[in-house]
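0 is the number of the first residue of the sequence shown in numbering that gives the first Met the number 0; add one for each residue after it. All C-beta atoms, glycine included, are put in the ideal place defined by N, C-alpha and C. Contents: one structure, followed by commentary.
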Amino acid sequence: MLLSFRMLLMSVHFLMAGVLGVLLGLCRPFNPDNSRLCARLYALPSKWIMGYKLKTEVGPLMDKPQSCVVIANHQSNYDLFIFGNVVPRRTVCIGKKSLKWVPLFGQLFWLAGNVLIDRGNAQKARKSMLTTTRTLQEKDTSIWVFPEGTRNLGKTLLPFKKGAFQMAITAGVPIVPVCVSTYSQHLKLNRWHSADIQIRSLPAIPTAGMTLDDMPRLMEMCREQMRDCIEAMDREVMAKQGRHAPVQSDSKRKGTASHPNL
0 MLLSFRMLLM SVHFLMAGVL GVLLGLCRPF NPDNSRLCAR LYALPSKWIM
50 GYKLKTEVGP LMDKPQSCVV IANHQSNYDL FIFGNVVPRR TVCIGKKSLK
100 WVPLFGQLFW LAGNVLIDRG NAQKARKSML TTTRTLQEKD TSIWVFPEGT
150 RNLGKTLLPF KKGAFQMAIT AGVPIVPVCV STYSQHLKLN RWHSADIQIR
200 SLPAIPTAGM TLDDMPRLME MCREQMRDCI EAMDREVMAK QGRHAPVQSD
250 SKRKGTASHP NL
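In structure tokens form, the structure reads like this:
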């Protein structure tokens, strides 16, 4: 019963936030700060509707340099409602082109100045990435990227794609990793208190002086830091709940090392 009620409220909220977000976008189209305002519009009411408790430690993210590449782990479609609580000022997101067909949200996403990538067309994708790199170099704007490229469903981090790191190195801007604890497998929307969730940002990683030859090492370093951060948060959440987090063996970790695939 509670689950059905929450799903109904979330559906209504999603539509209302979409309408308000589109109106905001029409009033000031392509303003880079629209993304932050729309993210809060989705996230703040949903925290009450979904019934989760959120702990944030995001000093490095809020104190980020004027332009940077923010990378985050991607668990589920609920990421919008959770990460939306901490999106910093003048930060736009990279998303797949198919998002534009989502009623209201797609139009909101576009009007907010976010970047839509056509993954099926390599030439257009490269052109979009070049435009985004110039934005990092010339404007007070940051880019939020999910480097896994798809949802990991709350399992181990997937191999990272090159795009975010190539942009950061080419533009010479820092990378700021942001992690959310594993929640998608533990979210119980049929309970009043559905989950304890943590978000933590890590210190900015400078890329000045790096070349594309340094990219594999940079990708691996970021992935290791994020994996360690997620595991630490999971242990804290489970200790609070009286549970024990599973320990990932070294052999399993080696088996999930990142690959510099596109």
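The shortest C-alpha to C-alpha distance from serine 180 to any of Arg35, Glu56, Phe13 is the one to Glu56. The residue from Val101, Ala194, Val172 with its alpha-carbon nearest to that of glutamate 235 is Ala194.
Assigned with DSSP and collapsed to three states, valine 179 falls in strand.
With a cutoff of 9 Å on beta-carbon distance, leucine 135 and serine 66 are scored as near each other. For alanine 194, the enclosing beta strand (DSSP E) covers residues 194-200. Its Cα nearest to that of threonine 131, the residue Ala163 stands out among Gly24, Ser75, Lys52, Ala163. In this model, threonine 210 and serine 141 are separated by some 20 Å (Cα to Cα).
Collapsing the DSSP output to three states places tyrosine 51 in a strand. The count of Cβ pairs closer than 8 Å, one atom from the region 75-83 and one from the region 29-44, reaches three, so the stretches are in contact.
The beta carbons of asparagine 33 and glycine 112 sit about 6 Å from each other, so the pair counts as a contact at 8 Å. Boundaries for leucine 107: no beta strand (DSSP E) harbours it, while the alpha helix (DSSP H) harbouring it runs 104-110, taken from the DSSP string. Per DSSP, the beta bridge partners of tryptophan 143 are Val69, Cys92. A residue is called buried when at least 16 other Cβ atoms come within 10 angstroms of its Cβ; lysine 99 does not meet this threshold and is exposed. Distance from the CA of lysine 96 to the CA of leucine 22, rounded to the nearest whole angstrom, comes to 21 Å.
A residue is called buried once 16 or more other Cβ atoms fall within 10 Å of its Cβ, and phenylalanine 29, having fewer, is exposed. Its Cα nearest to that of glycine 58, the residue Val86 stands out among Val86, Ile48, Leu186, Val172. According to DSSP, leucine 60 shares a beta bridge with no other residue. The residue among Lys154, Glu219, Val175 with its C-alpha nearest the C-alpha of glutamate 230 is Lys154. With respect to arginine 150, arginine 89 sits apart: the two C-beta atoms are not nearer than 9 Å. Annotation for methionine 61: Pro87 place their beta carbon closer than 7 Å to its own, counting only its chain and skipping 5 residues before and after. Taking 9 Å as the cut-off, the Cβ atoms of valine 114 and serine 127 count as close. Bounds of the alpha helix (DSSP H) holding valine 236 are 214-239. DSSP places leucine 186 outside both helix and strand once states are collapsed to three, so it counts as coil. Here glutamine 197 is buried: its Cβ has 16 or more other Cβ atoms, across all protein chains shown, within 10 Å.
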